[in-house]
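All remarks here apply to the structure that follows.
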Amino acid sequence: MKKALFIITVLILAYSSSSSAEYHIDKSQKNLVRFISETPVENFDGKTDKIDGYFISESIDKLKGSELYFETQVGTFETGIGLRNRHMREDYLHTEKYPLSHFKGNITNSKMISETEYDVTAKGKLFLHGVTKDITINGKIYKLKDGFKIKSDFVVKLTDYKIKVPKFMFVRISEDIQLQLDFSVKLAE
């Protein structure tokens, strides 16, 4: 009986020490997804705070292999000009048909910069406008008191996701769109 109890105790301790922690988007923090279009004629951006997702990690010391998922409601991006928002949603992003964009991947590389800052690389799949592509994104993870702040900045080529780029003289948008992510996650309750 003592031997069985000992084995069960060892198994429980082994499981609890290797279990991962799950973090969810902290809705009480300022979270932002931003796209930037830069052309020689005009620059503009769009922003949304409608982001959801999770981060699963063994520990801050073992970020490599951690899972990352985030999604955003594409129709919530605001550029500051109502007509441009409408054209973007209806004519190019088709947000009624493709309301969400999401990324799911794993951290493949992690480098400690300081006790609270890490440079990371994640590989995964980005779904946008009905198309899924393998991508690699670089970012930073900052350890916070109650979770993490995750930041990334990467480029998406619109034509890779079957999004047509306006070709008119008066419409100015870049085929390469810079995406910036800045969001916080806290331990799931």
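Counting in the numbering used here, the sequence shown runs from 1 upward without gaps.
No residue lacks a Cβ here, since even glycine has one placed at the ideal position from N, Cα and C.
Might you give, ordered along the chain, the residues of its own chain that have their beta carbon closer than 6 angstroms to the beta carbon of Gln178, omitting 5 neighbours on each side?
Here residue 178 refers to the residue found at position 178 of the sequence shown. Taken in chain order, the residues that qualify are Ile36, Val155.
Looking at Asn31 and Phe127, is the spacing between their C-beta atoms short of 7 angstroms?
Start at 1 with the first residue of the sequence shown, and residue 127 comes out as number 127. Start at 1 with the first residue of the sequence shown, and residue 31 comes out as number 31. No, the pair does not count as a contact, with Cβ atoms beyond the cut-off.
Quick one: grab the DSSP three-state call for His87.
Here residue 87 is taken as the residue at index 87 of the sequence shown, counted from 1. It is helical.
How big is the Cα-Cα spacing for Asp26 and Lys186?
Within the sequence shown, the letter at position 26 stands for residue 26. Within the sequence shown, the letter at position 186 stands for residue 186. One C-alpha to the other measures close to 6 angstroms.
Would you decide whether Ala188 is buried or exposed? Buried here means 16 or more other CB atoms lie within 10 Å of its CB.
For the purposes of this step, residue 188 is taken as residue 188 along the sequence shown, with counting starting at 1. By the 10 Å Cβ count, Ala188 comes out exposed.
Inspect the beta-carbon positions of Lys125 and Asp134 and report whether they are closer than 7 angstroms.
As a position in the sequence shown, residue 125 is number 125, starting the count at 1. As a position in the sequence shown, residue 134 is number 134, starting the count at 1. Contact: yes.
With 16 other CB atoms within 10 Å as the buried threshold, where does Val74 fall?
Position 74 of the sequence shown, counted from the first residue, corresponds to residue 74. Flag for Val74 reads buried.
Under 7 angstroms Cβ to Cβ from Gly53, same chain only, skipping five residues before and after it: list those, please.
Working through the sequence shown from its first residue, we reach residue 53 at position 53. Cβ neighbours of Gly53 beyond the five flanking positions: Ile25, Tyr69, Phe70, Glu71.
Any 3 or more C-beta pairs closer than 8 angstroms across the region 75-88 and the region 112-121:
no
Comparing C-alpha positions only, which one of Thr121, Thr39, Leu144, Tyr92 sits nearest to Lys158?
Here residue 158 refers to the residue found at position 158 when the sequence shown is read from its first residue. The sequence shown places Leu at residue 158, rather than the Lys named in the question. Checking every option, the nearest Cα to that of Leu158 belongs to Tyr92.
Express the C-alpha separation of Ser28 and Asp160 in angstroms, rounding to a whole number.
The count along the sequence shown starts at 1 and reaches residue 160 at position 160. The count along the sequence shown starts at 1 and reaches residue 28 at position 28. Asp160 and Ser28: Cα-Cα distance of roughly 34 angstroms.
Extent of the continuous beta strand (DSSP E) run through Ser19:
Taking the sequence shown and counting its residues from 1, one reaches residue 19 at position 19. Here Ser19 belongs to no beta strand (DSSP E), and DSSP marks it neither H nor E.
Is Thr108 closer than 7 angstroms to Lys97 when the C-beta atoms are compared?
Counted from its first residue, the sequence shown places residue 97 at position 97. Counted from its first residue, the sequence shown places residue 108 at position 108. No, the Cβ-Cβ distance between Lys97 and Thr108 is not below 7 angstroms.
In the DSSP assignment, the beta strand (DSSP E) including Thr121 goes from what residue to what residue?
Against the sequence shown, residue 121 aligns to sequence position 121. Where Thr121 is concerned, the enclosing beta strand (DSSP E) stretches over 117-128.
I'd like the span of the beta strand (DSSP E) that includes Leu187, first residue to last.
Reading the sequence shown from its first residue, position 187 is the one you call residue 187. Leu187 -> beta strand (DSSP E) spans 176-187.
Taking its Cβ as the centre, do 16 or more other Cβ atoms sit within 10 Å of Lys57, making it buried, or is it exposed?
The residue given as residue 57 occupies position 57 in the sequence shown. Contrary to the premise, residue 57 reads as Ser rather than Lys in this sequence. Under this definition Ser57 is a buried residue.
Could you tell me which of Asn43, Ser66, Arg34, Ser20 sits nearest to Thr275, measuring between CA atoms?
Nothing about residue 275 can be read from this structure; the chain reaches only from 1 to 189.
Residues bridged to Tyr54 (per DSSP)
Sequence index remark: in the sequence shown, residue 54 carries index 54 (1-based). In DSSP, Tyr54 forms a bridge with His24, Tyr69.
Is Asn109 near the ligand PLP - that is, is its Cβ less than 6 angstroms away from at least one heavy atom of it?
Ligands are entirely absent from the displayed structure, and the ligand PLP is therefore not among its contents.
Residues bridged to Asn209 by DSSP?
In the structure as shown, the chain starts at 1 and stops at 189, and residue 209 therefore has no counterpart that could be examined.
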